[in-house]
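Have a look at the structure below before the remarks.
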Amino acid sequence: MIRKRSLVRRTAAAAASGAAALVLAACGGNGDDTGSAAGHGGHNAAASSSAAASAPASQGQHNAADVAFAKGMIPHHRQAVEMADLASGRARSAEVKKLAADIKKAQDPEIKKLSGWLTSWGEEVPAEGAMDHSMHGGMEGMMTEQEMTELENASGETFDTAFMEMMIRHHEGAVAMARTEQADGAYEPTKKMAGQIITSQSAEIEQMNKLLGKD
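The opening residue of the sequence shown carries number -10 in the working numbering; numbering runs sequentially from there.
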């Protein structure tokens, strides 16, 4: 009987010891896991905080007006460059040829900047030819397909006159779009470009009016 009780005590003691070991292991494991989780949680929280902080820098500084300006100005500039490309082989006036070259030189880089901004905002860049000439007449100062065909078929003084008259309207449309961007936009680099467009294209409008004898 005594032996049996002794055996029971030893078994109970062993069980208690084992249970204690399990509890300690569990506590130790939980402590490690909690520490690890806290570490990872802290890291993830820091990462999330960092991501949240960077989000406004990349996304929050632009608005719908900036997107609309970029998406509208890209095809607008592309048509101006297309018109300018015609001048080298059709224009008679050296001043018109230089004007066309200056327009292309200014607007090609702007197309690249506008495209880059749209990409960084997660927006689609208008595809080449996304807006055919039949739709152009509905945009600010854009030429219709018929007008572009007339310009392509012109040469000499006829081309010079048609080019300048069309480009004045085209520039006036761009200036109007740029003024809207300055009033409604939020992204400073885009608003700055809009200001540059207003200044440069207003000056070119004045120059073309003088060449046409309208001033």
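Yeah, the Cβ is synthetic: ideal placement off N, Cα and C, and Gly gets one too.
query: DSSP state of Ala80, grouped into three classes?; result: strand
query: The alpha helix (DSSP H) spanning Thr133 covers which residue range?; result: Element bounds for Thr133: n/a, residue is neither H nor E.
query: Please determine if the stretch 132 to 148 and the stretch 102 to 115 are in contact, where contact requires at least 3 C-beta pairs separated by less than 8 Å.; result: no
query: Rounded C-beta distance between Lys180 and Glu170? I'm assuming under 8 Å.; result: 6 Å
query: Below 8 Å, how does it come out for the stretch 187 to 199 and the stretch 71 to 79: are there three or more Cβ pairs, yes or no?; result: no
query: Can you list, in chain order, the residues of its chain whose CB lies under 6 Å from that of Lys93, leaving out five sequence neighbours each side?; result: Val70, Ala73
query: Please go through the same chain and pick out, in chain order, the residues whose beta-carbon is closer than 6 Å to the beta-carbon of Gly202, but skip the five residues on each side of it.; result: none
query: Give me the Cα-Cα distance between Val12 and Tyr176, rounded to the nearest whole angstrom.; result: Because the pLDDT at Val12 is just 36, under 50, the model does not fix this residue reliably, and the value given afterwards should be weighed accordingly. Roughly 59 Å separates the two Cα atoms.
query: Rounding to the nearest angstrom, what Cα-Cα distance links Arg158 and Phe152 in this structure?; result: 10 Å
query: Taking Ser80 and Ala89 to be in contact with their CB atoms under 8 Å, please state how far apart those CB atoms are, rounded to whole angstroms.; result: Contrary to the premise, residue 80 reads as Ala rather than Ser in this sequence. About 7 Å separates the two Cβ atoms, so the contact holds.
query: Using the Cα positions of Ala172 and Met166, report the straight-line distance between them to the nearest angstrom.; result: 10 Å
query: By DSSP, does Pro115 sit in helix, in strand, or in coil?; result: coil
query: Using only alpha-carbon positions, find the residue among Gly174, Pro178, Met156 that is nearest to Asn198.; result: Met156
query: Out of curiosity, what's the CA-to-CA distance linking Val114 and Gly162?; result: 20 Å
query: Can you give the Cα-Cα distance for Lys60 and Gly145, rounded to whole angstroms?; result: 34 Å
query: Can you give the Cα-Cα distance for His65 and Leu200, rounded to whole angstroms?; result: 23 Å
query: By a C-beta neighbour count over all protein chains shown, 10 Å radius and 16 as the cutoff for buried, is Gly174 buried or exposed?; result: buried
query: As a quick exercise: from Lys86, Trp110, Arg67, pick the residue whose alpha carbon is nearest that of Asp55.; result: Trp110
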